[in-house]
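First up is the structure itself, then whatever we jot down about it.
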Amino acid sequence: MSKVWIDVTTTMNWNRPAVGIVRVEQELIKYALENKSNVGFFIYETQCFSEIDREDLIKKVYQEFNQEIVIKKTIPEVNKQSTNRTSFFGLSIRRIRNSFFFLFRAIYEFLMSFVNDSYYNRINHLNHIKYQNFKNGVKSRMRRVVHKNPQQQVPLTSNFKPRKPQTINVTNGDTIMSVGLSWDHGSKFRDLYDLKKVIDIKVIAICYDLIPIKVPNLFISLEHSASFERYYDGMTWAADAVACISKSSQNDYIDWLTEKYMPRPYTKVVTLGSTIVPYDESKLSQTVKAIDQKFILFVSTIERRKNHETIVKAIQYLIDQGSENIPLVVFVGMRGWGVGDMLNEYEMSIDLKDYIKILNNLGDNDLSYLYQKCEFFLYPSFYEGWGLPVAEGLTYGKFGICSLSSSIPEVGGDLLEYVYPYDVLGWASKIELFMRNPEQLRVKEERIKSEFKEFTWNSFGLQMFDIAESIANVK
Amino acid sequence: MHGGQIRSFEILELYKRLGYSTKVVVIKPLNSYLSDKADYEFYVDDSYLSNDFYENANPYLSDLFCKNYVIENLERIIAVVGSNYDLIHCEMPWLFDLALAIKKVSKNNVKIIFGTENVESELKAKILSNANVKHEIVKMISDLVQEIEQFAVDMADIVLTVSHYDFNYFSSIAKDGGKIILAKNGIAKDRFTKLDYSILSRVTDNYFIFVGSAHMPNVTGFGEMFSHSLSFLPLDVSVVIVGGVSTFLEQDPRFRKYKHLNDTRIIRLNNLEEAKLNALLLNANAILLPVVDGGGSNLKTAEALLSNRVIIATRKAFVGYESYINQAGIYIANEPRSFADAMLSMINEKKKFERKSLINLTWSITLKDFAERIGRLYE
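Those protein sequence lines, which keep their order, are chains C and F. So the first sequence is residues 148 to 622, counted in the working numbering. So the second sequence is residues 739 to 1117, counted in the working numbering.
Here you go:
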């Protein structure tokens, strides 16, 4: 029976509370653990795909960040009885046999890698992968990329501790799913492309956005943009299907493929979930408790693309106009790139600091409080692949003023108000309007409560596995 | 050697076969092509090689600057090379002043052969326009080159051209059309006898090959045909680029825009001996001839035809070889999309064809009329 392998490289290398794309991967992992039986998990490290033990993964995803294992009972268990029946003696036989096999294979590959390249390529099915191993030195030559033996059961031990990863037993008909920060993982998709030459597998990747390619002026540097485009090149050639997190991203991706005359894998729009957490008043930070007036909220990394500058200018405009309806604007987010001048202006301003507060390092509890207590939220970003904070705001039942740009209108439809991201006066006008007319705000919120359909992570997981089913039998 | 050098060499060998003893005079900037066939070499000082007036056109005017050097050093050069010649072959118009000066001081009835390789005025205008040189400067230089070519056509006894287009052009500006001769580029009959397949270990199993010198039209042709980048090719298919052009691709802004993608599909092999180049040509999925500029006739086209392998080319690459276009294994594509489609259709195939009339491609046939005309030069 075909297996789905989920790439958990991002999760296993992440040591902070999950945000953004890391959150997406973890939610997919949780969905798989709780709903699917024939699923495996692996990490990628320089031409090596290694299986991750289920127990290690559960610990990472649920326990490490103090998350309760909510549905532990539905987590499929490996047949402990059969494993126990093999007992210590049986385990040893298998391990000794495997060890000899691996040792022999490693020595064989090491010796053969010194043979003339073209001859070596002709005598080995995994020619390209092994050629790359040869180039990477002795250590790589000793390492296996793919385990050719029939699928074996990974036994559990009674003491839970991280185990040394084993190479994954991918076989014909299996599917590989990768939704993490793959552009940081070297030549992973190139290796998957090569793997597909020798094994009939399907690969599903995800397209979050093409921002570094489409609007490089809003990205860190041209070098990063180039690197990102190279990543999409490799990903496209390896993928049988690409899940796009919005119609806007899908359109951007297809336009990019068309422009490059590249083949088009199967694409489908999937919707990311959003998570809301009830807040515990007793655990609120002092910073948040100190906010004792009406405020509006903008949650995002403080970087050039997110367009905090327009809001700062809009507030400055309202101040200069002597408006009586200027709210406190709370920015929540880490400092990113390209905002030095704006923050300098803010720091040096006489009056802005009375109206704009910048917070970071807030936990879920504080964030939940702010979302629920704000008058409304803002999202003036120049360009997005989806707009997770917009979805979160709506999930909390809150109204927002958002950018009329890219995917953002897809999130809230006509439940929200939209302003062109560069229109400072437009933003000022809308902010003042809704501060001056709280009853309009209530009407908006009522509509959101009755009409907004929450995006769930469960639905996201279902959509991803639907894609796997759709492409499973496509030749 | 690049195409122009090969042509010059073949013409030199023809003169020898006709009984002439020969001397080769080369005048060039310091960092240009090696010329191991030269009897006299003069290096143009850097002070001649730029002029602020021409702004960003300077890198493309070394030939004009060499002309200026010759004019200012005529006596010194003649003192070295001498003037006891019966025939002077001047390849391209830049050094024609030297040929004329030698004729004037010589006691012999010197005949001058003007060997053209392009309509230089048109080619120069195109190169400078592609390099975003100001229109006024482009026009000024183009007009100047046109005058230089006109002068050479008027003063020469025979004008050699490489293509029908060039033949028609120079016939139209010559007072005596009878002195214009068509002598297309050819190839050696035994071109592919030397083979060294060890080079194949440095390339992917499936690859396309593009061979070209560091001549601007080669760079712009590649840039134009692949202005969308090379990422339409699968990850394990490459374009092997051989010759001087491999180090100059970045001069085209279209290539530069997608250099980060292009470099993942390109294998650059700069100076390659003939046996290895032959092996690459004979094992390629297709030979690429993305010629969009240049006039002249493309020596690489002749080589590609003789290889009997699939050729994917622009119509312009077959100027002078129109009679071969409808033969098997030749795909003509003049737009980036159709060029890419033709390549994709050959991704997993390596085909060989038996082409007809290849004897007409050899130098002995293409220079035949010229050889006869030389024989009648003193009648």
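For each residue, glycine too, the CB sits at the ideal point set by N, CA and C. These figures come from a predicted structure and were not determined experimentally.
**Request:** Tell me, please, which residues DSSP counts as bridged to residue 1084 (chain F).
**Result:** Within the second sequence, the letter at position 346 stands for residue 1084 (chain F). For residue 1084 (chain F), which the question treats as bridged, DSSP gives no partner whatsoever.
**Asked** Can you find a C-beta in chain C that's less than 9 Å from the C-beta of residue 747 (chain F)?
**Response** Numbered from 1 along the second sequence, position 9 holds the residue referred to as residue 747 (chain F). No - not a single Cβ of chain C is within 9 Å of the one on residue 747 (chain F).
**Prompt:** Just by C-beta distance, which residues in the stretch 978 to 1012 of chain F are closer than 7 Å to chain C?
**Reply:** 998, 999, 1002
**Item:** Rounded C-alpha distance that separates residue 749 (chain F) from residue 845 (chain F)
**Value:** Here residue 749 (chain F) is taken as the residue at index 11 of the second sequence, counted from 1. Here residue 845 (chain F) is taken as the residue at index 107 of the second sequence, counted from 1. Approximately 25 Å, taken between the alpha carbons.
**Prompt:** residue 1013 (chain F) to residue 368 (chain C), Cα distance in whole Å?
**Reply:** As a position in the second sequence, residue 1013 (chain F) is number 275, starting the count at 1. As a position in the first sequence, residue 368 (chain C) is number 221, starting the count at 1. In a straight line, the C-alpha of residue 1013 (chain F) is about 44 Å away from that of residue 368 (chain C).
**Message:** Taking 9 Å as the threshold (beta carbon to beta carbon), is residue 970 (chain F) in contact with chain C?
**Reply:** Here residue 970 (chain F) is taken as the residue at index 232 of the second sequence, counted from 1. Yes, residue 970 (chain F) counts as interfacial toward chain C.
**Message:** With the cut-off set at 9 Å, would you say residue 792 (chain F) and residue 807 (chain F) are in Cβ contact?
**Reply:** On the second sequence, position 54 is the one that residue 792 (chain F) refers to. On the second sequence, position 69 is the one that residue 807 (chain F) refers to. No. Outside cutoff.
**Message:** Please report whether the beta-carbon of residue 1026 (chain F) lies at a distance below 9 Å from any beta-carbon of chain C.
**Reply:** Position 288 of the second sequence, counted from the start, is the residue given in the question as residue 1026 (chain F). It does not: the Cβ of residue 1026 (chain F) has no partner Cβ on chain C nearer than 9 Å.
**Prompt:** With distances taken from CA atoms, which of C:425, C:460, C:396 is nearest residue 414 (chain C)?
**Reply:** Numbered from 1 along the first sequence, position 267 holds the residue referred to as residue 414 (chain C). Taking only the C-alpha atoms, the option nearest residue 414 (chain C) is C:396.
**Asked** What residues in the stretch 397 to 422 of chain C bring their beta carbon closer than 7 Å to a beta carbon of chain F?
**Response** 406, 407, 408, 409
**Request:** Just the chain C side, please: which residues come within less than 7 Å of residue 929 (chain F) by C-beta, in chain order?
**Result:** As a first step, residue 929 (chain F) is located in the second sequence; it is residue number 191 there, counting from the start. Within chain C, no residue comes near residue 929 (chain F); the closest Cβ sits about 25 Å away, beyond 7 Å.
**Item:** Identity of the residue in C:570, C:353, C:331, C:189 nearest residue 528 (chain C) by Cα
**Value:** Position 381 of the first sequence, counted from the first residue, corresponds to residue 528 (chain C). Selected option, being the one with the closest Cα: C:570.
**Prompt:** According to the Cβ coordinates, are residue 462 (chain C) and residue 526 (chain C) closer than 9 Å?
**Reply:** Translated into positions along the first sequence, residue 462 (chain C) becomes position 315. Translated into positions along the first sequence, residue 526 (chain C) becomes position 379. Cβ atoms of residue 462 (chain C) and residue 526 (chain C): not closer than 9 Å.
**Any chain C beta carbon closer than 9 Å to residue 1137 (chain F)** = The question about residue 1137 (chain F) has no answer, for chain F in this structure spans 739 to 1117.
**Prompt:** Contact check, residue 153 (chain C) vs residue 175 (chain C) under 8 Å by CB: the rounded distance?
**Reply:** As a first step, residue 153 (chain C) is located in the first sequence; it is residue number 6 there, counting from the start. As a first step, residue 175 (chain C) is located in the first sequence; it is residue number 28 there, counting from the start. Indeed they touch by this definition, with Cβ atoms about 6 Å apart.
**Endpoints, the beta strand (DSSP E) within which residue 827 (chain F) is located** = The residue given as residue 827 (chain F) occupies position 89 in the second sequence. Looking at the DSSP string, the run of the beta strand (DSSP E) that includes residue 827 (chain F) is 825 to 829.
**CB contact below 9 Å: residue 966 (chain F) versus chain C** = For this step, residue 966 (chain F) is matched to residue 228 along the second sequence. Yes, because at least one Cβ of chain C sits closer than 9 Å to the Cβ of residue 966 (chain F).
**Message:** Are the CB atoms of residue 465 (chain C) and residue 654 (chain C) within a distance shorter than 9 Å?
**Reply:** Residue 654 (chain C) is absent from the structure shown; chain C starts at 148 and stops at 622.
**Contacts that residue 1109 (chain F) makes with chain C (C-beta to C-beta distance below 8 Å)** = Counted from its first residue, the second sequence places residue 1109 (chain F) at position 371. Here the premise fails: no neighbours, minimum Cβ distance about 45 Å.
**Under the three-state DSSP convention, the category residue 1038 (chain F) falls into** = Against the second sequence, residue 1038 (chain F) aligns to sequence position 300. The answer is helix: DSSP assigns residue 1038 (chain F) an H, G or I state.
**Message:** Assuming the contact rule is C-beta atoms closer than 8 Å, residue 1108 (chain F) and residue 921 (chain F) should be a hit. Round their C-beta distance to whole Å, please.
**Reply:** On the second sequence, residue 1108 (chain F) is found 370 positions in, with the first residue counted as 1. On the second sequence, residue 921 (chain F) is found 183 positions in, with the first residue counted as 1. With 8 Å as the limit, residue 1108 (chain F) and residue 921 (chain F) qualify as a contact, their Cβ atoms being about 4 Å apart.
**Prompt:** Where does the unbroken beta strand (DSSP E) through residue 191 (chain C) begin, and where does it stop?
**Reply:** Taking the first sequence and counting its residues from 1, the one referred to as residue 191 (chain C) is at position 44. Residue 191 (chain C) -> beta strand (DSSP E) spans 186 to 191.
**Request:** Hey, could you find the ends of the alpha helix (DSSP H) residue 324 (chain C) is sitting in?
**Result:** In the first sequence, counting from the first residue as 1, residue 324 (chain C) sits at position 177. Note, residue 324 (chain C): premise wrong, no alpha helix (DSSP H); beta strand (DSSP E) at 322 to 324.
**Asked** Should residue 560 (chain C) go down as buried or exposed, given a rule of 16 or more other Cβ atoms within 10 Å for buried?
**Response** Indexing the first sequence from 1 puts residue 560 (chain C) at position 413. Exposed, by the Cβ-count rule.
**Item:** Status (buried if at least 16 other CB within 10 Å, exposed otherwise) for residue 484 (chain C)
**Value:** Numbered from its first residue, the first sequence carries residue 484 (chain C) at position 337. Exposed: under 16 other Cβ atoms inside 10 Å.
**Request:** Locate the alpha helix (DSSP H) running through residue 167 (chain C), then write down its first and last residues.
**Result:** Mapped onto the first sequence, residue 167 (chain C) falls at position 20. Unbroken alpha helix (DSSP H) run through residue 167 (chain C): 167 to 182.
**Prompt:** How about residue 383 (chain C) and residue 346 (chain C): are their beta carbons less than 9 Å apart?
**Reply:** Within the first sequence, residue 383 (chain C) is the residue found at index 236, counting from 1. Within the first sequence, residue 346 (chain C) is the residue found at index 199, counting from 1. Result no, Cβ atoms of residue 383 (chain C) and residue 346 (chain C) do not sit closer than 9 Å.
**Prompt:** Does the stretch 1023 to 1031 of chain F come close enough to the stretch 987 to 1002 of chain F to have 3 or more Cβ pairs within less than 8 Å?
**Reply:** no
**Message:** Could you check whether the stretch 353 to 372 of chain C touches the stretch 398 to 412 of chain C, counting it as contact only if at least three pairs of C-beta atoms, one from each stretch, sit closer than 8 Å?
**Reply:** yes
**Contact set between the stretch 837 to 849 of chain F and chain C, restricted to residues whose Cβ is under 8 Å from the partner** = none
**Prompt:** residue 373 (chain C) versus chain F: which residues are under 7 Å apart at the beta carbon?
**Reply:** To locate residue 373 (chain C), count along the first sequence from 1; it is residue 226. The contacting residues are 998.
**Item:** Nonlocal neighbours in the same chain, by C-beta distance under 6 Å from residue 941 (chain F), ignoring five residues either side
**Value:** The residue labelled residue 941 (chain F) in the question sits at position 203 within the second sequence. Same-chain partners within the cutoff: 978, 1005.
**Request:** Kindly confirm or deny that the stretch 1082 to 1099 of chain F and the stretch 418 to 434 of chain C touch, where touching means at least three C-beta pairs closer than 8 Å.
**Result:** no
**Asked** Which term fits residue 827 (chain F), buried or exposed, when burial requires 16 or more other beta carbons within 10 angstroms of its beta carbon?
**Response** Counting from 1 along the second sequence, the entry for residue 827 (chain F) is found at position 89. It is buried - the Cβ of residue 827 (chain F) has at least 16 other Cβ atoms within 10 Å.
**Message:** Comparing C-alpha positions only, which one of F:800, F:842, F:799, F:789 sits nearest to residue 813 (chain F)?
**Reply:** Counting from 1 along the second sequence, the entry for residue 813 (chain F) is found at position 75. Closest by alpha carbon: F:842.
**Prompt:** Got a sec: is the Cβ-Cβ distance from residue 1074 (chain F) to anything in chain C below 9 Å?
**Reply:** Residue 1074 (chain F) sits at position 336 when you count from the first residue of the second sequence. Yes, residue 1074 (chain F) counts as interfacial toward chain C.
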